[in-house]
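Position one of the sequence shown corresponds to residue 94 (my numbering), numbered consecutively onward.
Note that CB positions come from ideal geometry on N, CA and C, so glycine has one too.
Below is one structure, written out as structure tokens; the observations come after it.
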Amino acid sequence: MARLIIRGSPGQVQLLTVLRQECPACGERLHWRYENRRTVVTLGGMLGLRMRISCCENSSCEHYHRPYRPEAEGALVLPQHEFGLDVLALVGALRYQEHRSVPEIHAALVARGVGICERSVTNLVDRYDELLATALGDSARLRQELAAQGRVVLALDGLQPDVGHEVLWVLRDCLSSQVLLARSLLSSTCEDLARLLRQALQPLGKIPVVGVISDGQDTIRRAVAQELPGVPHQLCQFHFLRDAALPVFEADRHAKKLLKAQVRGVRPIERSVQGRDDTEAQVVRGYCSAVRSAITDDGHPPLDADGLRLKQRLEAVSQSLQRVVQKGGRGARHR
Ligand SMILES: [Zn+2]
94 MARLIIRGSP GQVQLLTVLR QECPACGERL HWRYENRRTV VTLGGMLGLR MRISCCENSS
154 CEHYHRPYRP EAEGALVLPQ HEFGLDVLAL VGALRYQEHR SVPEIHAALV ARGVGICERS
214 VTNLVDRYDE LLATALGDSA RLRQELAAQG RVVLALDGLQ PDVGHEVLWV LRDCLSSQVL
274 LARSLLSSTC EDLARLLRQA LQPLGKIPVV GVISDGQDTI RRAVAQELPG VPHQLCQFHF
334 LRDAALPVFE ADRHAKKLLK AQVRGVRPIE RSVQGRDDTE AQVVRGYCSA VRSAITDDGH
394 PPLDADGLRL KQRLEAVSQS LQRVVQKGGR GARHR
């Protein structure tokens, strides 16, 4: 089932990078050129986005120095929008599934901690209508733009607000950041999504889809395989990480706690050599400080997990200690 409600603590900052490694036009490696920042109002609070923009550096390429924005940006917020797609999807659901008025929607958003004025709610209802009215078939300008870039990298996102039962599906082109089609569907079976794909793809005519990015749900995978056979389908690292991060983070935190409990005895060992300056005392102090710095060393979860990092560092200390014991043992025999 589709779900995309963006949760973040206030002041949270997310770093987004371009998933594609190669220029879609010439195949040369893309280079990170600069960073863009924007702030998005989501249901989870203010979300800062740091986006690494990549460019093709091949001067003979038709896309030379053309900026590529991170694919995940459009899953969070539409171009030139201040409010996240999750807020927009909720506004649409409250308006059209729950038949709420603008003042009622405003009150509901404020109650959820979204800083918004009533006028912005009216604008959001308009943006929602515009989004659902987006149809590539009706836009000659959009078709021209896509034809000029010669290819489409399709992203497929489903947002399910926690009211109503409909899922807002947004199909967009990652190269131009343009929305190709958006529909609110009550049912999201493989056949429903395949129909949605056909609707989005048909006006593309001969413009090829060279890749698909989604969160890789089974129904999406099957619909894409059916409608776009042979086209590479990448699991969005952003979705994947977000979904994987929480259980990984929890498990890692638990592991770190257990590991820390095992090395709690560092302080008495340090105390036992206090005031001594001989080699043995220095070695003991060295190992104790290695353990201490391992405990306080923080990783960057979930990719660089705290607990795993602590385990590696403690293992290194333990192996080193074993080598010392072995050497010490040999030394004793020689004496
Ligand atoms: Zn290129």
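Span separating the alpha-carbon of residue i from that of residue j
i, j, result
"T312", "Q355", "46 Å"
"E197", "S269", "35 Å"
"D255", "S382", "50 Å"
"S365", "K350", "25 Å"
"G243", "A275", "22 Å"
"K391", "Y189", "Note that residue 391 is Asp in the sequence shown, not Lys. Whole-angstrom Cα-Cα distance: 47 Å."
"H174", "Q105", "18 Å"
"T372", "G379", "10 Å"
"R113", "G167", "15 Å"
"H192", "G257", "11 Å"
"H347", "E408", "18 Å"
"E211", "P172", "22 Å"
"K353", "A201", "44 Å"
"E284", "R130", "38 Å"
Own chain partners of residue i with C-beta closer than 6 Å, once the 5 adjacent residues on each side are dropped
i, result
"R416", "none"
"T215", "V195"
"A95", "For A95, the predicted structure reports a pLDDT of 39, less than 50, and the residue's modelled location is therefore unreliable. The matter cannot be settled from this model."
"L108", "R143"
"L247", "V302, V305"
"G309", "L328"
"H158", "C148"
"L401", "none"
Chain D within 7 Å of residue i, Cβ atoms only
i, result
"R288", "Here there is only one protein chain, and chain D is not present."
Check whether residue i and residue j have beta carbons under 7 Å apart
i, j, result
"L181", "Y127", "no"
"L224", "S307", "no"
"L273", "A316", "no"
"A91", "H156", "With the chain represented from 94 up to 428, any question about residue 91 goes unanswered, as that position is not in the structure."
"L217", "V170", "no"
"L123", "C149", "yes"
"G141", "T132", "yes"
"Y161", "V111", "yes"
"R369", "A387", "no"
"E115", "N151", "no"
Nearest-angstrom beta carbon gap, residue j and residue i [assumed within contact, 8 Å]
i, j, result
"V384", "V410", "6 Å"
"V245", "L178", "At roughly 20 Å, the Cβ-Cβ gap does not stay under 8 Å, so V245 and L178 are not in contact."
"D239", "L264", "According to the sequence shown, residue 239 is Leu rather than Asp. That pair is no contact at about 13 Å."
"R291", "E320", "6 Å"
Residues of its chain near residue i, where Cβ-Cβ distance is below 7 Å and the 5 sequence neighbours each way are ignored
i, result
"G421", "none"
Range covered by the beta strand (DSSP E) that runs through residue i
i, result
"R143", "138 to 149"
"D397", "Note, D397: premise wrong, no beta strand (DSSP E); not H, not E."
"R265", "260 to 266"
"E128", "123 to 135"
"A275", "271 to 278"
Same chain, Cβ closer than 8 Å to residue i, five either side skipped, listed in chain order
i, result
"A293", "L229, L247, L264, L273, L274"
"A318", "H326"
"K404", "A348, L352"
Where the alpha helix (DSSP H) through residue i begins and ends
i, result
"R193", "It is not in any alpha helix (DSSP H) - R193 carries neither H nor E in the DSSP assignment."
"R220", "211 to 226"
"Y380", "372 to 389"
"Q242", "233 to 242"
Just the residues with CB closer than 6 Å to a heavy atom of ligand 2, in chain order, which are they?
In the structure shown, ligand 2 is absent; the only ligands present are ligand 1.
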